[in-house]
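> For the sequence shown, position 96 matches number 96 in UniProt numbering, and the numbering has no gaps at all.
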Amino acid sequence: MELDTPMIGLDPEDNVQFKPGPCVVAEMRRYSSRKASEYKRKVVGAQEVDNWIEERGEFASPAASEHCGAVRWIFACTSPTALDSDGNYLSSNETLELALSQETFDRLTTRYGFSPQVQEAWRYRSSSGCGARKIEYDDSSGEIKSLVLVMSIRLSGSFASVIAINHDFRKKCTVVLALRVSPYDQTLLQKALESHQDLVGHPLLIPTMVVEISLATNMLYMQKIRHELSVIEKATGQHAWLQIPAADAPAHDSELSRLGHAVKIHISLSRRRLDSIKCWLELIKKSLKDLEQPISNSFVRTAGPKHEYEQWMGNVELLVQFRQVDLCYSDRRADNQVTAIYGLLSQRDNMVGVSVAIESKKISEASKRDGSALKSLTVLTALFFPATYIATLFTLPNFAGTPFWLYWAVAIPLTLVIFGSWASWTFYRQHQIAQETTARNIDQDIELDPERAFPPSPFNAASSSFVMSTLRQIRLQTKQSHAHSTSADAMTQRIEHSVGNKNMRH
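1. Which stretch, first to last residue, makes up the beta strand (DSSP E) that contains GLU27?
2. Go to ASP168, then tell me how far its beta strand (DSSP E) extends in each direction, as first and last residue.
3. So, ILE225 versus SER161, is the Cβ gap smaller than 9 angstroms?
4. Would you kindly work out how many angstroms separate the C-alpha atoms of SER85 and GLY343, rounded to a whole number?
5. Comparing alpha-carbon positions, which option in ALA36, ILE53 and LYS285 lies nearest GLY69?
6. Ignore the nearest five residues each way along the sequence and tell me which others in LYS19's own chain have a CB closer than 6 angstroms to its CB.
7. Quick check: what's the CA-CA separation for HIS227 versus TYR221?
8. How many Å lie between ASP326 and GLN223 at the Cα?
9. Go ahead and pull the three-state DSSP assignment for LYS171.
10. Roughly how many whole angstroms lie between the Cα atoms of ALA249 and PHE159?
11. Measuring only the C-alpha atoms, how far is ILE277 from VAL320?
12. Identify, in the order they occur along the chain, each residue of the same chain with its Cβ nearer than 7 angstroms to the Cβ of GLU317, setting aside the five sequence neighbours on each side.
13. Compute the Euclidean distance between the alpha carbons of ILE165 and ASN15, then round it to the nearest angstrom.
14. Near ARG29, which residues of its chain fall below 6 angstroms by C-beta distance, leaving aside the five closest residues on each side in sequence?
15. For a quick check, are the C-beta atoms of ALA60 and ALA76 less than 9 angstroms apart?
16. Measure the C-alpha to C-alpha separation of SER214 and ALA178 and round it to an integer number of angstroms.
17. Under a Cβ-count criterion, where at least 16 other Cβ atoms within 10 Å of its own Cβ denotes burial, should GLU194 be classed as buried or exposed?
18. Tell me which residue opens and which closes the beta strand (DSSP E) that GLU97 is part of.
19. State the Cα-Cα distance for the pair PRO116 and ALA26, rounded to the nearest angstrom.
20. Comparing C-alpha positions only, which one of HIS261, SER268 and LEU155 sits nearest to GLN324?
21. Give the DSSP bridge partners of TRP73, in chain order.
22. I need the straight-line Cα distance from ASN336 to GLU233, nearest angstrom please.
23. Quick check on the DSSP output: the beta strand (DSSP E) that includes TYR221 runs from which residue to which?
24. Given this structure, state the Cα-to-Cα distance separating GLY237 from VAL354, to the nearest angstrom.
25. For GLU54, report the span of its alpha helix (DSSP H) as first-last.
26. Comparing C-alpha positions only, which one of VAL150, SER141, TRP405 and ARG111 sits nearest to GLU120?
27. Can you tell me whether VAL16 is helix, strand or coil according to DSSP?
28. Alpha carbons only, please: which of THR437, ARG273, THR388 and GLU54 is nearest the one belonging to VAL410?
29. Counting pairs of Cβ atoms below 8 angstroms between the region 100-108 and the region 46-54, do you hit three or more?
30. By alpha-carbon positions, which one of SER146, THR402, ARG125 and ALA366 ends up nearest to LEU291?
31. At what residues does the beta strand (DSSP E) containing GLU136 begin and finish?
32. For the beta strand (DSSP E) containing VAL148, list its first residue and its last residue.
33. Smallest Cα separation from residue 594: which of GLY142, LEU155, VAL231 and ASP168?
34. Could you pull out every residue in the same chain whose Cβ sits closer than 6 angstroms to the Cβ of residue 507, ignoring the five residues on either side in sequence?
35. Hey, could you find the ends of the alpha helix (DSSP H) PHE59 is sitting in?
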């Protein structure tokens with residue numbers, strides 16, 4: 001299967017458009033006096049971009065002895081257009097619009113060793129992240145010449161930015177190619193660089209700074225999670241720290257369920273971001289260990305910057321651990337609320353079932369009353385039917401001149417016979433149904449399961465056991481006596497049959 005096949009889950013890499021236009025470049029340098037220059041930001045055209053790449057003219061780098069470090073940025077991407085109103089939830093079909101020509105972009109990525117890792121990182125923009133590290137060595141001396149690090153990481157938005165970093169140990173200069181970085185993220189990067197200006201020139205300054213920004217912006221999602229949890233807890237009333245009754249539930253139960261699952265989704269997204277940050281921290285720590293000697297030779301002149309970076313890394317790792325604790329706490333709260341939501345929905349379903357049962361009972365009672373009325377009409381009809389039939393017969397010409405008392409003499413006994421027969425049959429059927437029901441209940445409760453008929457209790461455990469054992473013995477003896485009586489009847493029939501045969505022979 002080819003890598004471009006969409007079945008493997010990667011985003012397409014061919015949705016990149018080259019639209020030459022103004023680019024944003026920035027620069028900050030630190031000198032031997034440990035003073036840093038101001039963060040210089042400039043919008044340049046196509047010709048100036050070429051000078052920036054080749055470090056010509058006003059973008060020429062000073063000698064390595066004149067400064068202790070430098071950071072050079074180029075934001076070669078237009079502002080993303082696939083944002084929603086909150087700046088989140090981008091589509092994976094977003095088109096990357098580069099403010100460079102394809103020739104200029106290829107020359108830039110080739111000069112600083114970013115190709116093809118940059119294109120590969122863009123393909124993983126909707127996943128948890130992507131990274132690549134490459135250490136270049138000098139062919140003659142074998143010393144480390146440069147460090148190339150390509151990062152696909154989320155800053156303030158929900159979609160990943162691509163940060164390509166090249167640090168030259170000889171020039172003490174870090175070149176950063178930033179793709180799909182919004183103006184707000186550019187401001188965050190500037191503030192972070194200014195706050196850590198004493199570490200300008202450190203090869204791991206930019207990746208650590210980017211990780212710190214990603215961790216800081218994750219707090220916005222944590223606040224969103226806490227707000228949504230408070231809304232759900234207010235709706236369900238399932239909390240213990242304040243005596244606040246449950247608020248009116250949403251218009252639909254599905255809305256409350258949707259909010260609960262939305263919180264779980266946001267927690268999963270935040271956990272994914274924290275896990276990816278941990279991966280980057282592990283890579284940075286490994287790089288710090290692998291590059292310990294080059295960093296000491298090219299950057300650390302005194303013990304101050306080294307200890308400052310180590311303390312900074314320790315603080316970032318501590319913040320990651322605290323964010324994980326917050327996520328675990330929020331996850332448990334969300335689980336409790338989801339359980340409470342399902343409990344409330346179940347209670348409402350039960351209440352609906354009870355109301356349906358009550359209405360069904362009312363309907364059955366009304367039907368019973370209607371049946372009683374129909375039964376009364378039927379009884380009245382049956383009561384007057386014999387007299388009506390006899391009266392119809394007496395209207396025939398054959399019965400002309402019949403005395404009137406004869407009509408009553410025939411109608412009254414016939415009515416009594418018919419009504420008495422019907423009443424007797426009705427009483428017999430009701431009595432038979434009652435006996436069958438009683439026998440069925442006794443058979444189910446005693447013979448099949450005597451423990452259910454006489455459940456043991458702490459007060460009458462001995463008597464219950466005695467009753468159950470007695471019932472079992474009675475049942476066994478009944479079966480045995482029934483079998484003996486059946487065999488005795490068969491034996492009696494055989495004896496009578498043999499005696500009859502003897503008498504016939506005599």
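Even glycine gets a Cβ: it sits at the ideal position worked out from N, Cα and C. On a predicted model such as this, the values are computed, not experimentally measured, just so you know.
By the coordinates alone:
1. Stepping through the sequence shown from its first residue, residue 27 is reached at position 27. Segment 23-30, the beta strand (DSSP E) holding GLU27.
2. Residue numbering aside, residue 168 sits at position 168 when the sequence shown is read from its first letter. Start and end: 160-168.
3. Against the sequence shown, residue 225 aligns to sequence position 225. Against the sequence shown, residue 161 aligns to sequence position 161. Cβ distance not < 9 angstroms, so ILE225 and SER161 don't count as in contact.
4. Looking up residue 85 in the sequence shown gives position 85. Looking up residue 343 in the sequence shown gives position 343. With a pLDDT of only 44 at SER85, under 50, the local geometry of the prediction cannot be trusted, and no value is derived from it.
5. Residue mapping note: residue 69 aligns to position 69 of the sequence shown, counting from 1. Nearest option by C-alpha distance: ALA36.
6. The count along the sequence shown starts at 1 and reaches residue 19 at position 19. Around LYS19: GLU97.
7. As a position in the sequence shown, residue 227 is number 227, starting the count at 1. As a position in the sequence shown, residue 221 is number 221, starting the count at 1. Each residue's alpha carbon lies about 10 angstroms from the other.
8. As a working note, residue 326 is residue 326 in the sequence shown. As a working note, residue 223 is residue 223 in the sequence shown. Computed Cα separation, rounded: 11 angstroms.
9. Start at 1 with the first residue of the sequence shown, and residue 171 comes out as number 171. Residue state, collapsed to three classes: coil.
10. Stepping through the sequence shown from its first residue, residue 249 is reached at position 249. Stepping through the sequence shown from its first residue, residue 159 is reached at position 159. Only weak support exists for where ALA249 lies, its pLDDT of 49 falling under 50; the coordinates are left without a value.
11. As a working mapping, residue 277 is identified with position 277 in the sequence shown. As a working mapping, residue 320 is identified with position 320 in the sequence shown. Approximately 8 angstroms between the Cα atoms of the pair.
12. Along the sequence shown, one-based indexing puts residue 317 at 317. LEU281, listed in sequence order.
13. As a working mapping, residue 165 is identified with position 165 in the sequence shown. As a working mapping, residue 15 is identified with position 15 in the sequence shown. Using only the alpha carbons, I get a separation of about 23 angstroms.
14. Translated into positions along the sequence shown, residue 29 becomes position 29. Hits under 6 angstroms: SER37, HIS67 and ALA70.
15. The residue you call residue 60 lines up with position 60 of the sequence shown. The residue you call residue 76 lines up with position 76 of the sequence shown. No, they are not a contact pair.
16. Working through the sequence shown from its first residue, we reach residue 214 at position 214. Working through the sequence shown from its first residue, we reach residue 178 at position 178. One C-alpha to the other measures close to 15 angstroms.
17. In the sequence shown, the residue the question calls residue 194 occupies position 194. Per the 10 Å Cβ criterion, exposed.
18. Taking the first residue of the sequence shown as 1, we reach residue 97 at position 97. Run containing GLU97: 96-98, per the beta strand (DSSP E) assignment.
19. The residue you call residue 116 lines up with position 116 of the sequence shown. The residue you call residue 26 lines up with position 26 of the sequence shown. Cα to Cα, PRO116 sits roughly 24 angstroms from ALA26.
20. Within the sequence shown, the letter at position 324 stands for residue 324. Among HIS261, SER268 and LEU155, the Cα nearest to that of GLN324 belongs to SER268.
21. What you label residue 73 is simply residue 73 of the sequence shown in a count that begins at 1. According to DSSP, TRP73 bridges with ALA26 and VAL176.
22. Indexing the sequence shown from 1 puts residue 336 at position 336. Indexing the sequence shown from 1 puts residue 233 at position 233. Rounded to whole angstroms, ASN336 to GLU233 spans 10 angstroms at the Cα level.
23. For the purposes of this step, residue 221 is taken as residue 221 along the sequence shown, with counting starting at 1. Not the beta strand (DSSP E): TYR221 falls in the alpha helix (DSSP H), residues 205-236.
24. On the sequence shown, position 237 is the one that residue 237 refers to. On the sequence shown, position 354 is the one that residue 354 refers to. Rounded to the nearest angstrom, the two C-alpha atoms are 24 angstroms apart.
25. Mapped onto the sequence shown, residue 54 falls at position 54. First-last of the alpha helix (DSSP H) with GLU54: 46-54.
26. The count along the sequence shown starts at 1 and reaches residue 120 at position 120. Answer by Cα proximity: VAL150.
27. Residue numbering aside, residue 16 sits at position 16 when the sequence shown is read from its first letter. Three-state result, VAL16: strand.
28. Your numbering for residue 410 matches position 410 in the sequence shown. Closest option to VAL410, Cα to Cα, is THR388.
29. yes
30. The residue you call residue 291 lines up with position 291 of the sequence shown. The residue with the shortest Cα to Cα distance from LEU291 is SER146.
31. By 1-based counting over the sequence shown, the position of residue 136 is 136. Element bounds for GLU136: 130-137.
32. Walking along the sequence shown from the start, residue 148 turns up at place 148. Where VAL148 is concerned, the enclosing beta strand (DSSP E) stretches over 144-154.
33. The structure shown does not extend to residue 594, since the chain is modelled only from 1 to 506, so the question has no answer here.
34. A question about residue 507 goes unanswered here, because the residues of the chain that appear run from 1 up to 506.
35. Within the sequence shown, numbered from 1, the residue matching residue 59 stands at position 59. Looking at the DSSP string, PHE59 is not in any alpha helix (DSSP H), and its letter there is neither H nor E.
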